[in-house]
Amino acid sequence: MKNLVVLTVALLVCAFNAQAKIWRVNNNNGLTADFTTLQAAHNGAVAGDTIHLESSATSYGSLTCTKKLIIIGTGYFLAENPNNQALTQPSYIDNISFNIGSEGSVVMGCTFANTSINVFASNIEIRRNRFTSPNGATVDYYVGVVNLYYQSNNSNLPVNNIIITQNFGLIINGTSRASTGILITNNYIARYGYEGDATANNSIDLNSGTVALIQNNIFRRGRINVYNSNLTNNIMVAGSMGGSGNLVSNNIGSGTQFGSTNGNKENIDMSTVFLGTAPDISPDGVWKLKAGSPAIGAGFGSTAGNVIDCGMFGGNFPYVLAGLPGIPSIYFFENQPVGSSSDPIDVNLKVKSNN
12 MKNLVVLTVA LLVCAFNAQA KIWRVNNNNG LTADFTTLQA AHNGAVAGDT IHLESSATSY
72 GSLTCTKKLI IIGTGYFLAE NPNNQALTQP SYIDNISFNI GSEGSVVMGC TFANTSINVF
132 ASNIEIRRNR FTSPNGATVD YYVGVVNLYY QSNNSNLPVN NIIITQNFGL IINGTSRAST
192 GILITNNYIA RYGYEGDATA NNSIDLNSGT VALIQNNIFR RGRINVYNSN LTNNIMVAGS
252 MGGSGNLVSN NIGSGTQFGS TNGNKENIDM STVFLGTAPD ISPDGVWKLK AGSPAIGAGF
312 GSTAGNVIDC GMFGGNFPYV LAGLPGIPSI YFFENQPVGS SSDPIDVNLK VKSNN
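Quick note on numbering: the sequence shown equals residues 12 to 366 in the numbering used here.
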């Protein structure tokens, strides 16, 4: 009987997964897809479905999410990181609010362009998204915000178990409630570029009762204001530390932000750490470590046989250039423009897998 119950449950799970559907969203003229806006795709989907936002110069709008969905864009900095997508336009979203019912949702590979994600539900994953908008040579002149609020059906309850990883150019605000299970890892985190490197405004600001794991991030500018949290393997290019009661180890600071005990390094010349700008390096690629960088092997638990680096390209969840989602992508497309019944149109594709 026990085996029969296990088999029945397994079959039900398989049947549920088999019903999950992938929806195409495309708002380009002359193309036909399932939907042209993200909200319409949400409204037509059921819990467990996946929504693919295809390449476009036009935003797919805002979303109020009340279903468990996987939302996947094409990535970003695609022209600057060639041979990743045949079409280099990203997938723009205005903003998202994750409300009750959206628990288990994931958004990845999307461009928010200095807009926000508002989290009103637990168990949300925000992965490989871009939040910056440039002005001149300053790629992060504007940045977006991930706001951790409270559950939309009960403002007394915090949101818990939130993963924020491998994103580019964001502020994280979670002061309203004391949350648990907050993972902030392998991101490029920054205040607005127009505020300047000396800004004392917060790049991360969490409730004094929130305990977070903050690991392998790059802090470009702004103040980290957190309490009783674990900060490990981060690099601070400019900014300051606030809060209290934190476990701070194996971080690298441009000044004395992290001190020099517990594996921390202070007063490090940042020109010795990163590749820096060059004509053939993308806006996110400049933050890779250069040869001989003091961040190489400086991470917590690093050994000769298992080298762990500081910064967003190190650790267990290394940053992925261009925010490519972990699905195959067509990076080359070529077709014969004219054909006939005797000379069919030839199409050449090159496809790559992504981690």
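The C-beta atom is built at its ideal place from N, Cα and C for all residues, glycine as well. Quick caveat, the model's predicted, so the values are computed rather than measured.
Inter-residue Cα distance where the pair is residue i and residue j
i: Val57; j: Pro93; result: 35 Å
i: Asp45; j: Val36; result: 6 Å
i: Val297; j: Val331; result: 13 Å
i: Asn365; j: Gly59; result: 22 Å
i: Phe285; j: Ser163; result: 41 Å
i: His53; j: Gly72; result: 12 Å
i: Arg139; j: Thr196; result: 11 Å
i: Gly270; j: Ser70; result: 44 Å
i: Glu228; j: Gln96; result: Note on residue identity: the sequence assigns Asn, not Glu, to residue 228. Near 26 Å, if we compare the C-alpha coordinates of Gln96 and Asn228.
i: Leu217; j: Ser66; result: 34 Å
i: Thr314; j: Arg141; result: 33 Å
Classification of residue i by the beta-carbon crowding that lies within 10 angstroms, buried from 16 upward
i: Asp320; result: buried
i: Ile62; result: buried
i: Gln30; result: exposed
i: Gly155; result: buried
i: Ser116; result: buried
i: Ser282; result: exposed
i: Ala124; result: buried
i: Ser293; result: buried
i: Ile338; result: exposed
i: Thr303; result: According to the sequence provided, residue 303 is Gly. The question's Thr does not apply to it. Gly303 is exposed by the Cβ-count criterion.
Contacts around residue i, its chain only, beta-carbon distance under 8 Å, and the 5 residues preceding and following it disregarded
i: Ser113; result: Cys76, Thr77, Lys78, Lys79, Leu80, Ala132, Ile135
i: Thr191; result: Pro169, Asn171, Asn172, Thr221, Val222
i: Asn390; result: The displayed coordinates of the chain run from 12 to 366. Any statement about residue 390 would go beyond what the structure contains.
i: Phe109; result: Cys76, Ser116, Ile128, Asn129, Val130, Phe131, Ala132, Ile135
Same chain only: Cβ atoms within 7 Å of residue i, ignoring 5 sequence neighbours per side
i: Arg234; result: Ala211, Asn212, Asn213, Ser214, Gly250, Ser251, Gly253
i: Thr149; result: Gly204
i: Gly256; result: Tyr238, Asn239
i: Met265; result: The question names Met, but residue 265 in the sequence shown is Ser. Cβ neighbours of Ser265 beyond the five flanking positions: Met247, Val248, Ala249, Ile279, Met281.
i: Ala90; result: Thr99
One or two residues paired with residue i in a DSSP bridge
i: Phe285; result: Leu300
i: Asn146; result: Thr149
i: Thr176; result: Arg138, Thr196
i: Lys276; result: Ile263
i: Ile183; result: Val157, Ile215
Close Cβ partners of residue i (< 6 Å) along its chain, the five nearest in sequence each way excluded
i: Leu64; result: Val36, Tyr71, Gly84, Ser102
i: Thr243; result: Gln226, Ser260, Asn261, Phe311
i: Asp208; result: Arg232, Ala249
Sequence ranges, beta strand (DSSP E) only - wholly within the stretch 50-117, length at least 3: Complete beta strand (DSSP E) runs here, min 3: 61-64, 74-76, 81-83, 107-109.
Length-filtered (3 minimum) beta strand (DSSP E) runs lying within the stretch 204-254: Runs found: 213-217, 223-226, 229-232, 234-238, 241-243.
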